[in-house]
Each structure stands twice: as C-alpha cells, then as structure tokens.
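For reference, the structure discussed in these notes is given below.
In structure tokens, the structure reads:
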C-alpha cells in the first residue's frame, strides 16, 4: 500500500523558496537599469523584501546601499548627493559610497554603529547588480566576443513575474520544456551528458533547429540562481543574450533583457535589424513562459528520464548557499 507520505518522498524535496527561514540565495541580482540612475542621483528600489538605494558618483561609479538611515529610519532615496556623499533628508547625516557615516548634520560625533550596508556592486549588461552577501562568490559571465565590438539592446519586462528567479531558471535544464513549449529540436538528442556543473553555475552547448527550421548552435547556462546566459549562432550569425532577474521580494522576479550582436561598420543598419530581431525573439520566448509561471504550483514531482538535468538542478538549488547579512539594514 502506498501512503501519501511515501508518495511525497518519491517526489523529492522542493528547493527552498527565497526568503524561507529569512534567507536568500547568495547570487547577483539586478536592481535597476543603468540608465535609471544618472551621476549625482539617488534612486530607491525594493530588494530582498526591503529597501535599497542606488547612487552614482560624479565619475559614474554605481553603488548599492541599504536605504534606511540608522539614526531615525528615514528613506535616503529622498535625500541628496552632497560632495559625493548621501545626505539624509531628516537630519542631514551624510554617508559615503562605502556606507560609512562621515558627518552628522549638527556636528555631533558620529556614533560607531552609524553605517549603511554596502552591497558588492557590479554594472554589466546595462544593469546595476547587487550581490546578496559580503563578498561575491562568482563573477558575472562575459561573452566570448570582445565587448568593444558589440552593440546592445537593453530592456525590462513591464510587470513582475510572481515566482522566485530560480523557478524561471529551471526552464534551462528542463529539456522537455525546451522541446515542447519552445519548439526546439536537439540535433544530437537531449544534451544531458554535455552539461558542465560548477558550484555556482551550470552550462551546456547544443545544436538544433527552431520550430520554423532555423538552425541554432547555442551555449546556455544559469549563473547563481538568478541569471540566464546564452551565446551562439542563429542562422549562422552570432548573438549573445542575458536575462538577469531581480528579487524585489520573495516570490517576485524583476526580469531584464540584454541582447548583444557584433557591430558591422559596413552595414550598421543590418546589424541593428538583427539586434532588434534577436531581442524580439527572446522576449517572445519569455512571453510563452509567462502564463505558465503565473499559475504553476512549482515543485519536483514525478520526473522522467528527460528530466535528468532538471533533477540535478534541483539538487544544485537545494545545496546552494543562502544568507541575508543585510536584513537589519534594509528591513
């Protein structure tokens, strides 16, 4: 006799959801588009269930800091940048780009604990990223083509996706999903044996055809629990694509798109047209996934042999490091 308990055991344990037990994946998360924060500006954003600010110095360097002043809790997004520091609107305490309070408004000595949480910050693919931790566990990936020879199209989804980023990332090792939803045929069969697993990433290369017969040769992967990465050839032409996902709060993903193609000085209009076409292609694929993800009760279930890599990815997620060192600062 099979009981409900033993059946559930066979289905496997679901990976922890973001925010479960107060912890979040130690991954890079995009907070905003680079274009949203100009030099000398402060902008506020939801992140990890709390609030952060993104500032940009006069020389263009971005920093992500906790949003609340440790004096009386004012949201610093309504403050000002003064001489390269964030000035709180409430009592004019000032904080440098590393989060340290460097002055009070009336000249009182700065309390030793008066500081903001400074997230490791990186800027790439037209986005400002924050790492959930005190030290990054991995670097953001780069394309094989020189960055100086690429042109980009950057954007973001117009509404949040009601799932954690890792749920969206599960589509990448899900060979069944790639075949039946996106209409891709693998030339040499499902590439389970060609998947490379690292502590903070998984990648694989495959050749195949799109549903309209277009030949493709891609390397795809997941970095951390929040970044989909892809590069390769579409009908013989190279392009790169990154879909990093922000995490404003548990069970909510903020999806960004970044597509790159090689510049063509001889025919810049053709390069731009190819860029637009690849951007539309990737947005279209995301559109196919959206209604599924909005309504799914996502968890490991009765897996088949086609789910070999997906099952391995669930193990990757269950073992993935989690923390929340900024919780006292951003909440």
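Residue numbers (our numbering): 7 to 337. C-beta: ideal position from N, C-alpha, C; glycine also. Note that the coordinates shown come from a computational prediction; the quantities given were computed from them, not determined experimentally.
Distance check between residue 125 and each of 140, 111, 313 places 140 closest, using alpha-carbon atoms only. Straight-line measurement puts the Cα of residue 235 at about 11 Å from the Cα of residue 251. When C-beta atoms of the stretch 207-216 are compared with those of the stretch 54-63, fewer than three pairs fall below 8 Å, so the two segments do not count as touching.
With a threshold of 16 other beta carbon atoms within 10 Å, residue 337 falls short and is exposed. When DSSP states are grouped into helix, strand and coil, residue 185 belongs to the helix group. Checking the DSSP bridge columns, you'll see residue 289 has no partner listed. Per DSSP, residue 71 lies in no alpha helix (DSSP H); the unbroken beta strand (DSSP E) holding it starts and ends at 68-72.
Within the stretch 251-299, the complete beta strand (DSSP E) segments at least 3 residues long are 258-268, listed from N- to C-terminus.
By the neighbour-count criterion, in which a residue is buried when 16 or more other Cβ atoms sit within 10 angstroms of its Cβ, residue 142 is buried.
Assigned with DSSP and collapsed to three states, residue 319 falls in helix.
A contact is defined here as three or more CB-CB pairs under 8 Å, and the stretch 146-162 meets this definition with respect to the stretch 257-272. Between residue 307 and residue 163, the alpha-carbon positions lie close to 29 Å from each other. If you compare the alpha carbons of 247, 299, 228, 335 with that of residue 170, the shortest gap goes to 299. In the assembly as shown, residue 264 is a buried residue. Its beta-carbon has 16 or more other beta-carbons within 10 Å. Within a 10 Å sphere around the beta-carbon of residue 41 sit fewer than 16 other beta-carbons, which makes this residue exposed. Judged by DSSP in its simplified three-state form, residue 337 adopts coil rather than helix or strand.
The alpha-carbon of residue 220 is positioned some 38 Å away from that of residue 127. Counting along the chain, residue 172 sits inside the alpha helix (DSSP H) bounded by residues 171-175.
By the neighbour-count definition (other C-beta atoms within 10 Å, threshold 16), residue 78 is an exposed residue. Under the three-state reduction of DSSP, residue 236 is assigned to strand.
From the listed residues 135, 217, 111, the smallest Cα separation to residue 54 is found for 135. Between residue 102 and residue 108, the C-beta gap is smaller than 8 Å, which places the two residues in contact. Contact between residue 187 and residue 294 is confirmed by a C-beta separation of about 6 Å, below the 8 Å threshold. In this structure, residue 23 sits near residue 256, with a CB-CB distance shorter than 8 Å.
In the three-state reduction of the DSSP assignment, residue 141 falls in the coil class, being assigned neither a helical nor a strand state.
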